[in-house]
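Asker:
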Amino acid sequence: MIEEGHTPADAQVQTEPEAKAESKTEPMLVADNLTKRYEDGTLALNAVSFEVHPGCIYVMLGGNGAGKTTAINIFLNFIEPTEGETRVDGIVTHKEPLKAKAKLAYVSENVMLYPNFTAIQNLDFFAKLGGKKDYSRDDYRDVLLRVGLEEVAHSRRLRGYSKGMRQKCGIAIAILKDAPAILLDEPTSGLDPKSGREFTGLLDDLRSEGKAILMSTHDIFRAKDIADIVGIMDQGNLVMQKSRRELEGENLEQLYISYMAGYMEDAT
Amino acid sequence: MFKLILEKELREIIGTTKFAITFGVCAILILLAFYVGARNYQVSRADYEASVQENLRQMEGLTDWNQIDHRIFLKPQPLASLVSGVSNDIGRTIEVEMRGELRDQGSRFNEDPIFAVFRFLDLEFVFTIVLSLFAILFGYDAINGEKERGTLRLSFANSIPRDQYILGKLVGSFLALVVPLLVPILIGCLLLPILGVPMGSGEWMRLGMIILAGILYFGVFLTLSVFVSAMTERSSSSFLMLLVVWIFAVLIVPRVSVLIAARTVDVPSIDRVDFEKSRYSRQLFSERMSAFRSWAQDNPIGDDHRAFGEKMNEFNKGQDDIYDEKMNLLTEQLNEQRENKSGVQQRLALSIARISPAASFSLAAADLASTSLGLRATYLEAAKAYQVQYSRFMKSKNAGDNRVVISHRMGADEEEPEPIAPAELPVFDYNAPATSETISAALPDLGLLVLFNIIFFFGAFVAFLRYDVR
Numbered sequence: 001m002i003e004e005g006h007t008p009a010d011a012q013v014q015t016e017p018e019a020k021a022e023s024k025t026e027p028m029l030v031a032d033n034l035t036k037r038y039e040d041g042t043l044a045l046n047a048v049s050f051e052v053h054p055g056c057i058y059v060m061l062g063g064n065g066a067g068k069t070t071a072i073n074i075f076l077n078f079i080e081p082t083e084g085e086t087r088v089d090g091i092v093t094h095k096e097p098l099k100a101k102a103k104l105a106y107v108s109e110n111v112m113l114y115p116n117f118t119a120i121q122n123l124d125f126f127a128k129l130g131g132k133k134d135y136s137r138d139d140y141r142d143v144l145l146r147v148g149l150e151e152v153a154h155s156r157r158l159r160g161y162s163k164g165m166r167q168k169c170g171i172a173i174a175i176l177k178d179a180p181a182i183l184l185d186e187p188t189s190g191l192d193p194k195s196g197r198e199f200t201g202l203l204d205d206l207r208s209e210g211k212a213i214l215m216s217t218h219d220i221f222r223a224k225d226i227a228d229i230v231g232i233m234d235q236g237n238l239v240m241q242k243s244r245r246e247l248e249g250e251n252l253e254q255l256y257i258s259y260m261a262g263y264m265e266d267a268t
Numbered sequence: 269m270f271k272l273i274l275e276k277e278l279r280e281i282i283g284t285t286k287f288a289i290t291f292g293v294c295a296i297l298i299l300l301a302f303y304v305g306a307r308n309y310q311v312s313r314a315d316y317e318a319s320v321q322e323n324l325r326q327m328e329g330l331t332d333w334n335q336i337d338h339r340i341f342l343k344p345q346p347l348a349s350l351v352s353g354v355s356n357d358i359g360r361t362i363e364v365e366m367r368g369e370l371r372d373q374g375s376r377f378n379e380d381p382i383f384a385v386f387r388f389l390d391l392e393f394v395f396t397i398v399l400s401l402f403a404i405l406f407g408y409d410a411i412n413g414e415k416e417r418g419t420l421r422l423s424f425a426n427s428i429p430r431d432q433y434i435l436g437k438l439v440g441s442f443l444a445l446v447v448p449l450l451v452p453i454l455i456g457c458l459l460l461p462i463l464g465v466p467m468g469s470g471e472w473m474r475l476g477m478i479i480l481a482g483i484l485y486f487g488v489f490l491t492l493s494v495f496v497s498a499m500t501e502r503s504s505s506s507f508l509m510l511l512v513v514w515i516f517a518v519l520i521v522p523r524v525s526v527l528i529a530a531r532t533v534d535v536p537s538i539d540r541v542d543f544e545k546s547r548y549s550r551q552l553f554s555e556r557m558s559a560f561r562s563w564a565q566d567n568p569i570g571d572d573h574r575a576f577g578e579k580m581n582e583f584n585k586g587q588d589d590i591y592d593e594k595m596n597l598l599t600e601q602l603n604e605q606r607e608n609k610s611g612v613q614q615r616l617a618l619s620i621a622r623i624s625p626a627a628s629f630s631l632a633a634a635d636l637a638s639t640s641l642g643l644r645a646t647y648l649e650a651a652k653a654y655q656v657q658y659s660r661f662m663k664s665k666n667a668g669d670n671r672v673v674i675s676h677r678m679g680a681d682e683e684e685p686e687p688i689a690p691a692e693l694p695v696f697d698y699n700a701p702a703t704s705e706t707i708s709a710a711l712p713d714l715g716l717l718v719l720f721n722i723i724f725f726f727g728a729f730v731a732f733l734r735y736d737v738r
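Here the protein sequences come in this chain order: B and V. Taking the working numbering, the leading residue of the first sequence gets 1, the next gets one more, and so forth. Taking the working numbering, the leading residue of the second sequence gets 269, the next gets one more, and so forth.
(1) Would you decide whether valine 512 of chain V is buried or exposed? Buried here means 16 or more other CB atoms lie within 10 Å of its CB.
(2) For aspartate 635 of chain V, does the count of other Cβ atoms within 10 angstroms reach 16, so buried, or fall short, so exposed?
(3) Mind listing which residues of the stretch 103-126 of chain B have their C-beta closer than 8 Å to chain V's C-betas, in chain order?
(4) Among the candidates V/Ala403, V/Gly470, V/Leu519, whose CA atom is the shortest distance from the CA of leucine 492 of chain V?
(5) Which residues, in chain order, does the stretch 72-100 of chain B contribute to contact with chain V at a C-beta distance below 9 Å?
(6) Glutamate 365 of chain V lies in the alpha helix (DSSP H); which residues open and close that run?
(7) Counting Cβ pairs, one atom from each stretch, are 3 or more of them under 8 Å apart for the stretch 54-64 of chain B and the stretch 220-234 of chain B?
(8) Once DSSP output is grouped into helix, strand and coil, what is the label at methionine 467 of chain V?
(9) Against glycine 196 of chain B, what residues of chain V qualify as contacts under a CB-to-CB distance less than 9 Å, listed in chain order?
(10) Tell whether a beta-carbon distance below 8 Å holds between glycine 164 of chain B and aspartate 192 of chain B.
(11) Assuming glycine 173 of chain B is part of the alpha helix (DSSP H), what are its boundary residues?
(12) Find the residues of chain D that neighbour lysine 128 of chain B, judging by a C-beta separation of less than 7 Å, and give them in chain order.
(13) Per DSSP, which one or two residues make a beta bridge with glutamate 83 of chain B?
(14) Keeping to the same chain, check which residues put their C-beta closer than 7 Å to that of glutamate 217 of chain B; ignore five residues upstream and five downstream.
(15) Among B/Ala44, B/Phe221, B/Pro180, B/Phe199, which has the Cα closest to the Cα of aspartate 89 of chain B?
(16) 8 Å is my cut-off, CB to CB: does methionine 1 of chain B come that close to chain V?
(17) Please confirm whether valine 737 of chain V has its beta-carbon closer than 8 Å to some beta-carbon of chain B.
(18) If you run the structure through DSSP and keep just helix, strand and coil, what is glycine 231 of chain B?
(19) Please list, in chain order, the chain B residues whose beta carbon lies closer than 7 Å to that of glycine 283 of chain V.
(20) Output, in chain order, the set of chain B residues within a Cβ distance shorter than 7 Å of isoleucine 428 of chain V.
(21) Taking arginine 556 of chain V as the reference, give the member of V/Ile520, V/Phe583, V/Arg325, V/Asp571 with the closest Cα.
(22) Of all Cβ atoms in chain B, is any one closer than 8 Å to the Cβ of glutamate 501 of chain V?
(23) Could you give the DSSP three-state label for alanine 105 of chain B: helix, strand or coil?
(24) Which value, in whole angstroms, describes the spacing of the CA atoms of threonine 15 of chain B and leucine 203 of chain B?
(25) Whose C-beta lies closer than 6 Å to the C-beta of glycine 67 of chain B among residues of the same chain, with five residues either side of it excluded?
(26) Would you decide whether threonine 331 of chain V is buried or exposed? Buried here means 16 or more other CB atoms lie within 10 Å of its CB.
(27) Sort out for me which residues DSSP pairs glutamine 373 of chain V with in a bridge.
(28) Using a Cβ-Cβ cut-off of less than 7 Å, give me the residues of the stretch 467-489 of chain V that come near chain B, in sequence order.
(29) If you follow the beta strand (DSSP E) that phenylalanine 341 of chain V is in, where does it begin and where does it stop?
(30) Output yes if chain B places a C-beta closer than 8 Å to the C-beta of threonine 639 of chain V; else output no.
(31) Would you report the Cα separation of isoleucine 251 of chain V and leucine 324 of chain V, rounded to the nearest angstrom?
(32) Could you tell me whether the Cβ of glycine 464 of chain V comes closer than 8 Å to any Cβ of chain B?
(33) Could one say the Cβ of glycine 418 of chain V lies closer than 8 Å to chain B's Cβ atoms, at least one of them?
(34) Should leucine 389 of chain V and leucine 300 of chain V be called a contact, given that it needs their Cβ atoms to be closer than 8 Å?
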């Protein structure tokens, strides 16, 4: 974390309006000059701005404590920003949280869900919580198969599920909500390589359906694989933002390390 | 939304192995409490009837009412089988004489000290100890457990108003735990008449109120658990905290309240009061002997023994009256002083104890079962009223006066007297206070339980509105 007022001058974000320019739609997710300072003085986010359009996947890359989860928490109104705001489809999240959250689906890292419920029961509860009351058992079965959960596991209690299986359930819940925007906080952390690849395919489908997806991760390869825009975050700052086209021919891993290193040198 | 959360709570709690095991244990204990209570009642009732019969039997063949040794007995109360209160601590037998102070003796614990050590398994015990722990076991992680599982984050990523969520959670967990518990309680209630416990409309009403008090008490610990869970980040912290609160509320506060009251208000012991009485009695006896000596000097025995006997009886009666008057006055004074101080001490102890919902529940249940601290006083009061009746009866039989004895002894040539008819004795029948009275007595404690529920419910509600769901 860095203290406010010590932002390095040359740590300017390379914003790329290309994706925005290409899209004729209004942005679904907007972080506008987003700043969060905790009561103990820690600056978790420092004037961060970005936009995610429908049919676009925005990946926030960064290490632990970079501010990725804080940004997602502000979108979900779990915490309020100190300055700036987040908007979902034009709705300011901390002013009208219930309206904003109706347009958001969310997958967290380490999804635990209700261990004494079966996968179907968990899906049923969270789908209804998200306002979807007309789903049938077949709908739940289909979505679970879609996220790669074998049918034999659908009626088993989650107590016996592996981390990856629970994560798939979490993704199924997000899909069932059928919200125009999806927030994914380290969604692949519990998945094996095969499931990770399936997950990437799933995100592709969701993008095709026109969902605006904001994903945080520190998995550079997955980011390069799936992102329309990559934002590198470090110590509460958005230190780089590049579109897929800009990243073509570039080594994202090297870029990530160089930005981080450069930024850290500037910060010191 | 409220209905959805409520249904989820019901399903989440009832579907667990933890619930199946704890509910099974509680159900067995509840049914056992009813069964053991009913059996105890039957035993007590049989003992009571046998004692009454034995009391009359030992008078058979006697020819003089002066020779009888009459006892009255406390009839077992049907609801004492479920809430024993002080019914096992107070004496159930009183030896009745025409005059003088009445003392209860022969308590259940006195006869079977083992029960004093381990106490009975009654419904009050099951509620006070077992069900309060049951409530904590299912409420300690109501909020922070959801946070630990990540379900709170996931739930609040949706458009859920927090007030509806916490309301659904509180009501849902309450219903999920209370409704299943009502099943063994209702089965237990049905067992009572089958097992021979006489249940009138008053008893049913009071039993219903005891169960209501139990549910309120259960609610206190459940809402308190949710409240603590909404104040802490980790379920292990809230469990530890609740365990400490439980130990204080159930085990420490009631006992400490009695200690504090005993330290604050000094009540003379029964032995001290008895010592005062016997000292005064000796003083009166000495005065009486002096008076007799003077009287004997003035009234020589002479030849007419019958006339002398009558004169002596007259003198003795006068002396008896003086003794009774003086002794009664002192006894009343000493008893009143002791009762007043004891009353102050009790009120202080109960006021302090009522900080704990466990004490409020115990007091309300004992009031409703007519086994509260007032049982001994009402029993003695009924015995005193009976003593007046008994005294009147004995006087009608020319008993209780020394002169009769003397006359009879002196008239040795008289015919063989007829045996007395013990069935003529007035019958003592202890009637517990009316239902309305017991309910009125329990109302303050029931009110306190409602208040505890309201405080913890709103505590949980407000704490959750400010809870960090991340």
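Ideal placement from N, C-alpha and C gives every residue a C-beta, glycine not left out.
Answerer: Judging by the given coordinates:
(1) exposed
(2) buried
(3) Leu104, Ala105, Tyr106, Ser108, Asn110, Val111, Met112, Leu113, Tyr114, Pro115, Asn116, Phe117, Gln121, Phe125, Phe126
(4) V/Ala403
(5) Asn73, Leu76, Asn77, Phe78, Ile79, Pro97, Leu98, Lys99, Ala100
(6) Neither: glutamate 365 of chain V is in no alpha helix (DSSP H) and is coded neither H nor E.
(7) yes
(8) coil
(9) Residues of chain V passing the Cβ test: none, with the nearest at roughly 20 Å.
(10) yes
(11) Checking the sequence, you will find isoleucine at residue 173 of chain B rather than glycine. It spans 163-177 - the alpha helix (DSSP H) in which isoleucine 173 of chain B sits, taken as one unbroken run.
(12) The structure shown contains no chain D; its protein chains are B and V.
(13) B/Thr35
(14) Just to set this straight, residue 217 of chain B is threonine in the shown sequence, not glutamate. Closer than 7 Å at Cβ, skipping near neighbours: Val59, Leu61, Glu186, Thr188, Ala223.
(15) B/Pro180
(16) Reliability of the predicted coordinates at methionine 1 of chain B is poor, the pLDDT of 38 falling under 50, and the value obtained from them is presented with this limitation in mind. No, no contact with chain V.
(17) yes
(18) strand
(19) Asn116
(20) Leu129
(21) V/Phe583
(22) no
(23) strand
(24) Since pLDDT at threonine 15 of chain B reaches only 43, below the 50 mark, its modelled position is unreliable, and no value is offered.
(25) Ala44, Leu45, Met233, Gly236
(26) exposed
(27) V/Thr361
(28) none
(29) 339-341
(30) no
(31) What is shown of chain V runs 269 to 738, which leaves residue 251 of chain V out entirely.
(32) no
(33) yes
(34) yes
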